[in-house]
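The block underneath contains the structure these notes are about, expressed in structure tokens.
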Amino acid sequence: IWDKETVFWTDLPYGAKLVQYGHKNQVPNFGAVHDPNAWTIHDFCSHAGLFSTIDGICRTLLKYEKETSFLAKVKKDLGSHSHRFACGWDRVVNHQETLAGRGCGKFTFGHLGFTGTSIWIDPENSIGHVILSNTVKEHWYDKANLNDMRRAIGELVWSGSY
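Residue 725 in the numbering used here is what sits at position 34 of the sequence shown, and the numbering runs on without skipping anything.
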């Protein structure tokens with residue numbers, strides 16, 4: 692469909708067949724940026740797209756920890772700075788309001804994705820959780836239910852009630 696010179700999806704010829712990836716305003720999405728955070732950048736970026744399974748992500752994180760001890764590095768960075776991010780990860784700033792859920796440890800860090808994907812890790816207690824979802828299909832603009840779910844799952848994990 693395209694040659695080696697094609698670099699971005701915008702370089703594809705008119706009529707090229709594309710794989711559907713999600714929905715935008717409840718319409719199947721083929722080649723349109725559906726992440727408002729990426730859209731405002733107005734430039735190519737490697738911002739969006741995690742294609743995996745929960746098992747694959749967890750195995751990758753466990754292997755990465757074994758090979759690099761990244762939990763200690765992120766924990767050290769979290770303890771020495773007050774900025775929002777540590778080693779590229781989002782930190783918990785307000786433990787009562789966090790999307791990681793109440794009860795997470797002092798050094799909990801993670802990632803929140805536009806489609807509902809969430810990864811939260813508590814390095815002190817060596818526990819975490821991964822949520823993979825695709826909320827762009829319906830109600831992508833209403834994150835209240837998604838955020839309630841993120842908090843509820845986190846609270847179950849941190850309390851050990853799962």
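Yeah, the Cβ is synthetic: ideal placement off N, Cα and C, and Gly gets one too.
Taking its Cβ as the centre, do 16 or more other Cβ atoms sit within 10 Å of VAL783, making it buried, or is it exposed?
buried
Closest Cα partner of HIS820 within the set SER852, PRO814 and VAL848
VAL848
Would you grab the beta carbon distance between PRO814 and LEU762 for me? Rounded to a whole angstrom, and I think it's under 8 Å.
4 Å
Thinking just about the alpha-carbon of each residue, which of LEU769, ILE844 and VAL765 is nearest to the one in GLY807?
ILE844
Taking LYS643 as the reference, give the member of GLY804, LEU803 and ASN785 with the closest Cα.
The displayed coordinates of the chain run from 692 to 853. Any statement about residue 643 would go beyond what the structure contains.
Straight-line Cα distance separating GLY794 from TRP693:
With a pLDDT of only 40 at TRP693, under the threshold of 50, the placement of this residue in the model should not be trusted, and no figure is reported.
Quick check on ALA843: does DSSP put it in helix, strand or coil?
helix
Here's the rule I'm using: 16 or more other beta-carbon atoms within 10 Å means buried, otherwise exposed. How should GLY792 be labelled?
buried
Since SER817 and ARG841 are thought to touch, with beta carbons under 8 Å apart, how far apart are those beta carbons, to the nearest angstrom?
Going by Cβ atoms, the distance from SER817 to ARG841 rounds to 21 Å, so no, they are not a contact pair.
Residues bridged to SER809 by DSSP?
LEU803 and ILE822
Alpha carbon to alpha carbon, what distance is there between TRP811 and GLY851?
15 Å
I believe VAL765 touches PHE800 by the beta-carbon criterion, under 8 Å. Please report the beta-carbon distance rounded to the nearest angstrom.
6 Å
For ASP781, count neighbouring Cβ atoms within 10 angstroms of its own Cβ and tell me buried if that reaches 16, exposed if not.
buried
When the Cα of CYS749 is compared with those of THR759, GLY770, ILE822 and ASP768, which residue comes out closest?
ILE822
Does DSSP put ARG782 in a helix, a strand or coil?
strand
If you drop the 5 nearest sequence neighbours on each side, which residues of the same chain put their C-beta closer than 7 Å to that of GLU788?
none
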